[in-house]
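Quick mapping for you: the protein sequence lines, in order, are chains A and B. All residue numbers for the first sequence refer to the working numbering, where the first residue is 1 and numbers rise by one. All residue numbers for the second sequence refer to the working numbering, where the first residue is 1 and numbers rise by one. Below is one structure, written out as structure tokens; the observations come after it.
2 protein chains.
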Amino acid sequence: MTSKTKAASPDLMMYAASEYDSNLYYAVKFVVPDPFPFFQIKGKKIILMSDLELGRSQKQAKVDEIVSYSDIQVKTQKSGIEKPGVADVTAFFLKSKGVHKIQVPYNFNLGLADALRLRGIEIESKADPFFQERVYKSDEEVKMITDSLRHTEAAIHKAENLLKKSKIVGKKIVYQGQVVTSELLKKVINVSMMENNCIGSHTIVASGDLGTDPHNEGTGTVWAHQSLIVDVFPRSGDTFYYADITRTFVKGKASPALKAQYEAVQRAQEKGIAMVAPGMNGRLVHQAIQQDMESYGYKTERRNGVAVGFFHGTGHGLGLDVHEAPRVNSSDHILKKGEVVTVEPGLYYPGVGAVRIEDLLVVTDKGHRNLTVYPKKLEIA
Amino acid sequence: MTSKTKAASPDLMMYAASEYDSNLYYAVKFVVPDPFPFFQIKGKKIILMSDLELGRSQKQAKVDEIVSYSDIQVKTQKSGIEKPGVADVTAFFLKSKGVHKIQVPYNFNLGLADALRLRGIEIESKADPFFQERVYKSDEEVKMITDSLRHTEAAIHKAENLLKKSKIVGKKIVYQGQVVTSELLKKVINVSMMENNCIGSHTIVASGDLGTDPHNEGTGTVWAHQSLIVDVFPRSGDTFYYADITRTFVKGKASPALKAQYEAVQRAQEKGIAMVAPGMNGRLVHQAIQQDMESYGYKTERRNGVAVGFFHGTGHGLGLDVHEAPRVNSSDHILKKGEVVTVEPGLYYPGVGAVRIEDLLVVTDKGHRNLTVYPKKLEIA
Numbered sequence: 001m002t003s004k005t006k007a008a009s010p011d012l013m014m015y016a017a018s019e020y021d022s023n024l025y026y027a028v029k030f031v032v033p034d035p036f037p038f039f040q041i042k043g044k045k046i047i048l049m050s051d052l053e054l055g056r057s058q059k060q061a062k063v064d065e066i067v068s069y070s071d072i073q074v075k076t077q078k079s080g081i082e083k084p085g086v087a088d089v090t091a092f093f094l095k096s097k098g099v100h101k102i103q104v105p106y107n108f109n110l111g112l113a114d115a116l117r118l119r120g121i122e123i124e125s126k127a128d129p130f131f132q133e134r135v136y137k138s139d140e141e142v143k144m145i146t147d148s149l150r151h152t153e154a155a156i157h158k159a160e161n162l163l164k165k166s167k168i169v170g171k172k173i174v175y176q177g178q179v180v181t182s183e184l185l186k187k188v189i190n191v192s193m194m195e196n197n198c199i200g201s202h203t204i205v206a207s208g209d210l211g212t213d214p215h216n217e218g219t220g221t222v223w224a225h226q227s228l229i230v231d232v233f234p235r236s237g238d239t240f241y242y243a244d245i246t247r248t249f250v251k252g253k254a255s256p257a258l259k260a261q262y263e264a265v266q267r268a269q270e271k272g273i274a275m276v277a278p279g280m281n282g283r284l285v286h287q288a289i290q291q292d293m294e295s296y297g298y299k300t301e302r303r304n305g306v307a308v309g310f311f312h313g314t315g316h317g318l319g320l321d322v323h324e325a326p327r328v329n330s331s332d333h334i335l336k337k338g339e340v341v342t343v344e345p346g347l348y349y350p351g352v353g354a355v356r357i358e359d360l361l362v363v364t365d366k367g368h369r370n371l372t373v374y375p376k377k378l379e380i381a
Numbered sequence: 001m002t003s004k005t006k007a008a009s010p011d012l013m014m015y016a017a018s019e020y021d022s023n024l025y026y027a028v029k030f031v032v033p034d035p036f037p038f039f040q041i042k043g044k045k046i047i048l049m050s051d052l053e054l055g056r057s058q059k060q061a062k063v064d065e066i067v068s069y070s071d072i073q074v075k076t077q078k079s080g081i082e083k084p085g086v087a088d089v090t091a092f093f094l095k096s097k098g099v100h101k102i103q104v105p106y107n108f109n110l111g112l113a114d115a116l117r118l119r120g121i122e123i124e125s126k127a128d129p130f131f132q133e134r135v136y137k138s139d140e141e142v143k144m145i146t147d148s149l150r151h152t153e154a155a156i157h158k159a160e161n162l163l164k165k166s167k168i169v170g171k172k173i174v175y176q177g178q179v180v181t182s183e184l185l186k187k188v189i190n191v192s193m194m195e196n197n198c199i200g201s202h203t204i205v206a207s208g209d210l211g212t213d214p215h216n217e218g219t220g221t222v223w224a225h226q227s228l229i230v231d232v233f234p235r236s237g238d239t240f241y242y243a244d245i246t247r248t249f250v251k252g253k254a255s256p257a258l259k260a261q262y263e264a265v266q267r268a269q270e271k272g273i274a275m276v277a278p279g280m281n282g283r284l285v286h287q288a289i290q291q292d293m294e295s296y297g298y299k300t301e302r303r304n305g306v307a308v309g310f311f312h313g314t315g316h317g318l319g320l321d322v323h324e325a326p327r328v329n330s331s332d333h334i335l336k337k338g339e340v341v342t343v344e345p346g347l348y349y350p351g352v353g354a355v356r357i358e359d360l361l362v363v364t365d366k367g368h369r370n371l372t373v374y375p376k377k378l379e380i381a
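Structure representation (structure tokens):
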């Protein structure tokens, strides 16, 4: 070894269901609904597959080597362990490869880690992001995110159209003889997305004060002349990439206070978006948005034990997870090319209403590109 | 303390997003998309909530106490830690409650566990099931599962009807002028379920040899006169309980070999289902199914490195997770009242085709109740 020798990258292990664990899916590009062991040893990707998944993995998994789990289990048994479990089998496999130390994701299974340590494997967890390159989206990944976003915008368009065609009757909204509810609008949105194999869950359609809890999904009557938060974030069933967008509507006439609140959020969002560029600290974007809204008198504080004002982060990374690195909030983070982040300020005041406007941006060479094209207009006549 | 004193149950901790972690959802009945700390201390459930979720948790979470995460963070900071992270905050909180030892789920976050251990908290992981009572479904839970199943059966019925109304043209199937594909049938099924707020993902509609990989979702042309595996397992967006059902169809005429294979699976499934009762060992159910199919000449082996025959377990528990305890396979498990399990034997032979038939059962006082009502008929004219 000379001083020119590059430091060897650590050997890696994951153990998860790639249907739910995005790091593992990112590594193997192969969806499995049950946990399986993944290794990266001397740079080579190896997976241990059950008989159930053996044939499919040979066709679909993007790895260097596929090993039969049951074959290794038999070998482990022959080595003297009567009923070898996952820890026995994976420890046996690692040792057979001469590996005694592995790096694992921060969210690695504690029970398995403790069992591997008892079997002499040294384990070190790595803080997120486990794969740094997952944070920087390729053009192809940006396209997949944008495709999901277009289907999402088309779905919101259907909901907005339904509201346009509805009539206001007293404080309620009526469409083709039925009272418009959060459930109805969510169904219109989720079914539209599913027609394009985008899978919506926990779609938010929250009317009036319900929307002042930013993650309240909304239920029951959608009230005329009150704020309506529509926040939609499906995962594509084709590519597994998410999209995320929020718009705020009022069917009828918004109160002057609500209108002013909307304008404050929109102005602050524009200010924040304009700052997004490589080299910019996300904390400064967040603070600029906070300060801009504060300068118009919108205070963030706790009233009766409940937060009001702007009490969440400005944005989050998005890709194979709907919330992933980086965060755009009060923590330092220098934005870099290829990062895809939301910019979604909001203001929430029970009695007045809720406003949140969310766009999805990709950081480019010199600035950013706003992937979202849906218009921002509060009132629906 | 006298000998009559009941052993204190251990104090518990979880740290996860309850949207994805079913143990945590089960404990709090409250959906949060980002990880948060949960404690059960001297039997009382306590959660630390971010400002973002504080208001909503007070309305929705089924816990004994809700504490502001940011309040504890400030206190931790005042205790002398400059930028307290999750491990600092939760260790501070535990110590303030006099707790120095906690039990956590097997899949607890390793990075956090190691950080808590460094801060003097003793951590022991518990093998699944973390909450034993989650395994035994209440009547209400069985009803929620059955509701999801009915919506799933209605969706499969739509797909079967589409096939009934289609015409065979050469080897293909044509519906209203378009060639029937896996994608088309999956859309019909997933959209129908979404209309009832049941969220399907990874729905399997796999034609011919594609189905011989049991988890191949299927793609492209659905071939006439060949096996079609339809395996559907949505999660309810209302109750979060899953359903799971598989049927095998042939549009047109099945070959004699495929017909015999179907009859073998159906006969074996009936035999297995008849055995399901409290006190029965699931291993014996699995072995009876294996032996029955073998007795008709259906061998399970590996050909060219790929498993053929019946190479997966007979069934799995189902509830808030699509796969959960117990498993019905080669491991010992004594079935108990309230367990909801699938019975889903299959036979897979490339060149002949794939057959899997799956019903969902609840173990009752004296036997079982089959929750599935969808008929079992191979050929669609």
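Note that beta-carbon positions come from the ideal geometry of N, C-alpha and C, so glycine has one too.
Measuring CB to CB, does residue i end up less than 8 Å from residue j?
i	j	result
V306/A	G55/B	yes
H333/A	R369/A	no
S201/B	G297/A	no
T423/B	R356/B	Because chain B is modelled from 1 through 381, residue 423/B falls outside the range shown and cannot be assessed.
E358/B	T246/B	yes
S148/A	Y69/A	no
F36/A	I46/A	no
Starting from the C-beta of residue i, find all residues in its chain whose C-beta is less than 7 Å away, skip the five residues before and the five after it, and write them out in chain order.
i	result
G272/B	V285, A288, I289, T314, V343, P345
H323/A	H316
K253/A	H225, E379
V232/A	T152, A155, I156, I189, G200, T203, I245
T76/A	P84, D88, V89, F92
D128/B	Y106, A325
S192/A	A154, A155, K158
L383/A	For residue 383/A there is no data in the structure shown, the boundaries of chain A being 1 and 381.
Below 6 Å CB to CB, which residues in the same chain sit around residue i once its five sequence neighbours on both sides are set aside?
i	result
V363/B	P278, L335, K337, E339
E19/A	V31, P33
F93/A	I72
A257/A	V352
I168/A	A224, G252
K101/A	E122
A268/B	I289, D292, M293, P345
R134/B	Y26
Considering Cα atoms alone, identify which of the options is closest to residue i.
i	options	result
A264/B	K187/B, M13/B, K42/B, D292/B	D292/B
H157/B	H312/B, K186/B, L48/B, G211/B	K186/B
D244/A	L320/A, S295/A, T212/A, G351/A	L320/A
K51/B	G111/A, H215/A, Y69/A, K172/A	Correcting the residue type first, residue 51/B is Asp in the shown sequence and not Lys. Nearest of G111/A, H215/A, Y69/A, K172/A to D51/B, Cα basis: H215/A.
F130/A	S295/A, R267/A, Y26/A	Y26/A
K172/A	E140/A, V250/A, Q60/A	V250/A
M144/B	Q60/B, G208/B, S166/B, P234/B	P234/B
E183/A	S182/B, V179/B, N196/B	N196/B
K42/A	Q60/A, A17/A, D11/A, S57/A	D11/A
E217/B	V205/B, Q58/B, E82/B	V205/B
S255/B	G367/B, Q58/B, L118/B, G208/B	G208/B
S9/B	V104/B, L48/B, Q60/B	V104/B
Going by other Cβ atoms of all chains shown within 10 Å of its Cβ, with 16 needed for buried, is residue i buried or exposed?
i	result
S96/B	exposed
V373/A	exposed
G177/A	exposed
E124/B	exposed
V74/A	exposed
L361/B	buried
D21/A	buried
S166/A	buried
G120/B	exposed
Apart from the five residues on each side of it in sequence, which residues of its chain come closer than 8 Å, Cβ to Cβ, to residue i?
i	result
K44/A	D64, E65
Q261/A	Y298, L347, Y349, V352, G353, V355
R327/A	G282, G313, G315, H316, G317, H333
Under 8 Å, CB to CB, which of the residues in the segment 21-48 of chain B have a partner in chain A?
Shown in chain order are the members of the segment 21-48 of chain B whose Cβ falls below 8 Å from a Cβ of chain A: V31, V32, P33, D34.
What are the residues of the segment 169-195 of chain A that lie near chain B, defined by any Cβ-Cβ distance shorter than 7 Å?
With the criterion set as a beta carbon lying under 7 Å from some beta carbon of chain B, the members of the segment 169-195 of chain A are K187, N190, V191, M194, E195, in sequence order.
Against chain A, which members of the segment 101-128 of chain B pass a CB distance test of less than 7 Å?
Residues V104, Y106, N107, F108, N109, L110, G111, A113, D114, S125, A127.
Near-chain B residues of the segment 123-157 of chain A (beta-carbon distance less than 7 Å), N- to C-terminal order:
Residues are counted here when their Cβ sits less than 7 Å from a Cβ of chain B; for the segment 123-157 of chain A these are S125, A127, given in chain order.
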